[in-house]
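Novice:
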Amino acid sequence: MIMVFVRKATVVDSIKYLVFLGVIIFILVLSSLNMNYNWQWYRIPGYIFSHSADGSLEPGRLLTGLAITIKISVISLFLAFFIGIITALLRLSSSFAARAVSRIYLELIRNTPLLIQLFVIYFVISPVFGISPFLSAVLALSLFEGAYASEIIRGGISAIPKGQWESAYSLGLSSIDTYRYIILPQTLKQVLPPLTGQAVSLIKDSALVSTIAIFDLTMAGQAIISETFLTFEIWFTVALIYLLMTVSISIFVHYLEKRNSYAQ
Amino acid sequence: MPSKPIISVTKLNKYFYSPDKSLKIDAVKNVTVDLYQGEVVVVIGPSGAGKSTFLRCLNGLEDFDSGSIIIDDIPLNHHHKNRLEIRKEVGMVFQSFNLFPHMTVRENISLSVRRVRKKSTAECEKITASLLDKVGITDKIDSYPGQLSGGQQQRVAIARALAMNPKVMLFDEATSALDPEMISEVLDVMKNLAKDGMSMVVVTHEMGFAREAGSRILFMDNGEIVEDREVGGFFEDPLEDRSKAFLSKVL
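What follows is the structure, given as structure tokens:
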């Protein structure tokens, strides 16, 4: 009985959804026809793949930019994760100095705009230490996302039942072993979904690095537009590429979660 | 009975404050007691008497305010190293099992052997197998705690505590969270341990266990030890009024 009911509801819902989608597409098509814009979608594939002199395919400018975006994002993601764990542990530590340092870092990062942090690192700090633009970008992004990741991880650690600590201690495990074998494995499983959200944010925020002369996906799009005036086509394509990246991350993590779940 | 106690508690005091700090509650009050090798000391008393707090003080899960605890010649104080040493010699079994849910039974039991006792993998396997045999669940070695019944989980928890080869075992209401039909399987394991000569401190409401397996009763009320007697005497002929009142309610 209940199954039939659910199926009926699903069908009705799907119809509503399709009607809604149809209306949106209709409006989009109508307005694009009315705005006297000369759509030239046929030129876009050339910026994704281009033909080299000997006729073989090579990555176009958008894909080259995408490679930079992925490189920056992946490195920042790992760094942000480690910064997040270390900051979370510092905030939960019994040392006053450790808590103060992590607190100042968190408040500083979370209460100023990422763009300003990027500029400060690129224009103020990097000349002093001779840091490359690429490294400046990685540093800014990982410090920024690390602050948010640390709050997620700290929440996850605090949510582990007290009994887990007590049984670990009563077995004579050291604090480090307790974190390593008992607390962190359970925490990471719990915080994986919110951390994925943070990874998606990081990829989106990485578009800001185009402001410090890094030829990432966004910068590549901007450059192409300034030469060709294919404003709509390029921005839609760039947006779609970002969407593909973030959605595939979500799907991958969903798969991981399913595989790693244990009976509880 | 050897002359030197394995646990020596002197004038132990532990206070709690009510949330608004206006009220001071004595959780453990002036407790002095010596426990010897091979004794099975059963701590009983009404709820809120401080039995669990006293027990948790013994392996440093709870800090105490004054007095001293000496276990196997090591004083339990603010020295972190002593605390770790004592925890290696004192096993504990909790009311809510507290198994590690992300580890199999095998990993739960062998973790401390591997990380604290630094034994080889082969030795870990041997110890794990023999302990599971002792608690009677050899077939569940690769299961996760979530796949076991409460009684099985508690037996794994006992095996996990025994894996450290402790000199004393503490049981904190080990059967209170169990369904009635599973209580006996856990109590049987505890009785066998007692028979094998393990020194045990057992906080429990199971008077049957106290009578059958206990060698000594500590009756606690309001944080104090009211009566400290051998089992037979306590149940046949309690001396204190509070013990009499308690026994008349639970027996």
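So the sequence lines, in the order shown, correspond to chains W and D. The opening position of the first sequence corresponds to residue 115 in our numbering, with each subsequent residue numbered one higher. The opening position of the second sequence corresponds to residue 2 in our numbering, with each subsequent residue numbered one higher. Think of the CB as a built atom: it goes at the ideal place given N, C-alpha and C, for glycine as much as any other residue.
1) Three-state secondary structure (DSSP) at Glu124 (chain D)?
2) Please tell me whether Gln378 (chain W) has its Cβ less than 7 angstroms away from any Cβ of chain D.
3) Please classify Met170 (chain D) as buried or exposed, where buried requires at least 16 other C-beta atoms within 10 Å of its C-beta.
4) Using the C-alpha atoms, what's the distance from Gly198 (chain W) back to Gln38 (chain D)?
5) How long is the line joining the alpha carbons of Asn109 (chain D) and Arg161 (chain D), rounded to whole angstroms?
6) With 16 as the cutoff for other CB atoms within 10 Å, does Val41 (chain D) come out buried or exposed?
7) Could you tell me the boundaries of the beta strand (DSSP E) in which Phe220 (chain D) lies?
8) Consult DSSP for Leu179 (chain D) and reduce its assignment to one of helix, strand or coil.
9) Could you say if the stretch 137–152 of chain D and the stretch 59–73 of chain D meet the contact criterion of at least three C-beta pairs nearer than 8 angstroms?
10) Leaving out five residues on either side along the sequence, give the residues of the same chain with a beta carbon under 7 angstroms from the beta carbon of Ala313 (chain W).
11) Please list, in chain order, the residues of the stretch 249–276 of chain W that have any C-beta partner in chain D closer than 7 angstroms.
12) Within 8 angstroms, do at least three Cβ pairs link the stretch 239–255 of chain W to the stretch 313–324 of chain W?
13) Short of 8 angstroms in beta carbon distance, which residues of its chain neighbour Gly137 (chain D), apart from the five on each side in sequence? Order them along the chain.
14) To the nearest angstrom, how far is the alpha carbon of Glu237 (chain D) from that of Met208 (chain D)?
15) Which residues, in order along the stretch 72–91 of chain D, keep a beta-carbon less than 7 angstroms from a beta-carbon of chain W?
16) Let me make sure I understand the geometry here. Which of W:Ser240, W:Pro173, W:Ser281, W:Tyr219 has the alpha-carbon closest to that of Glu265 (chain W)?
17) Could you tell me which uninterrupted alpha helix (DSSP H) segments, each at least 4 residues in length, are contained entirely in the stretch 128–175 of chain D, listed from first to last along the chain?
18) Hey, would you say Ile339 (chain W) sits closer than 7 angstroms to Thr345 (chain W), going by beta carbons?
19) Among the residues of its own chain, which have a CB less than 6 angstroms from the CB of Lys245 (chain D), if the five just before and after it don't count?
20) Short check: CB of Ala211 (chain D) to CB of Val43 (chain D), under 7 angstroms?
21) Can you list, in chain order, the residues of the stretch 289–318 of chain W whose Cβ is nearer than 8 angstroms to any Cβ on chain D?
22) Chain D beta carbons: is any one of them nearer than 7 angstroms to that of Glu371 (chain W)?
23) Could you check where the beta strand (DSSP E) with Val215 (chain W) kicks off and where it finishes?
24) To the nearest whole angstrom, what separates the beta carbons of Met165 (chain D) and Gly286 (chain W), a pair I think is in contact under 8 angstroms?
25) How should Gln154 (chain W) be labelled, buried or exposed, when 16 other C-beta atoms within 10 angstroms of its C-beta is the threshold for buried?
26) Taking the beta carbon of Met149 (chain W) as the centre, do at least 16 other beta carbons fall within 10 Å, making it buried, or is it exposed?
27) Distance check for Tyr16 (chain D) and Arg373 (chain W), CA to CA, integer angstroms please.
28) State yes or no: is the beta carbon of Leu285 (chain W) nearer than 7 angstroms to at least one beta carbon in chain D?
29) Whose C-beta lies closer than 8 angstroms to the C-beta of Ser272 (chain W) among residues of the same chain, with five residues either side of it excluded?
30) Just checking: is the beta-carbon of Glu172 (chain W) within a distance shorter than 7 angstroms of some beta-carbon in chain D?
31) For the stretch 317–341 of chain W, list every residue whose C-beta sits within 7 angstroms of some C-beta in chain D, in sequence order.
32) Alpha carbon to alpha carbon, what distance is there between Phe258 (chain W) and Leu229 (chain W)?
33) Could you please tell me which residues of the stretch 114–135 of chain D, in chain order, have their CB closer than 9 angstroms to any CB of chain W?
34) Taking C-beta pairs closer than 7 angstroms, name the residues in chain W that Asn60 (chain D) reaches, listed in chain order.
35) Going by DSSP, what residues sit across from Lys30 (chain D) in a beta bridge?
36) In chain D, what lies closer than 7 angstroms to Ser281 (chain W) by C-beta?
Specialist: Looking at the coordinates:
1) helix
2) Confidence at Gln378 (chain W) is low in this model, with a pLDDT of 44, below 50, so its placement is unreliable and the value that follows should be read with caution. Closer than 7 angstroms: yes.
3) buried
4) 48 angstroms
5) 6 angstroms
6) Looking at its Cβ environment, which holds 16 or more other Cβ atoms inside 10 Å, Val41 (chain D) is buried.
7) 217–222
8) Judged by DSSP in its simplified three-state form, Leu179 (chain D) adopts coil rather than helix or strand.
9) no
10) Leu191, Ile363
11) none
12) yes
13) Arg156, Glu186, Val190
14) 13 angstroms
15) Leu85, Arg88, Lys89
16) Measuring C-alpha to C-alpha distances from Glu265 (chain W) to each of W:Ser240, W:Pro173, W:Ser281, W:Tyr219 identifies W:Tyr219 as the nearest.
17) DSSP assignment within the stretch 128–175 of chain D yields the following whole alpha helix (DSSP H) runs of 4 residues or more, N-terminal first: 151–163.
18) yes
19) Pro239
20) yes
21) Within the stretch 289–318 of chain W, contact with chain D at the beta-carbon level (separation under 8 angstroms) is assigned to Asp291, Tyr295, Ile296, Pro299, Gln300, Lys303.
22) no
23) Where Val215 (chain W) is concerned, there is no enclosing beta strand (DSSP E), although the alpha helix (DSSP H) it sits in stretches over 210–224.
24) 6 angstroms
25) It counts as exposed.
26) exposed
27) 47 angstroms
28) yes
29) Leu206
30) no
31) none
32) 10 angstroms
33) Arg116, Val117, Arg118
34) Within 7 angstroms Cβ-Cβ: Ser284.
35) Paired residues: none, contrary to the question.
36) Those are Phe95, Asn99, listed as they occur along chain D.
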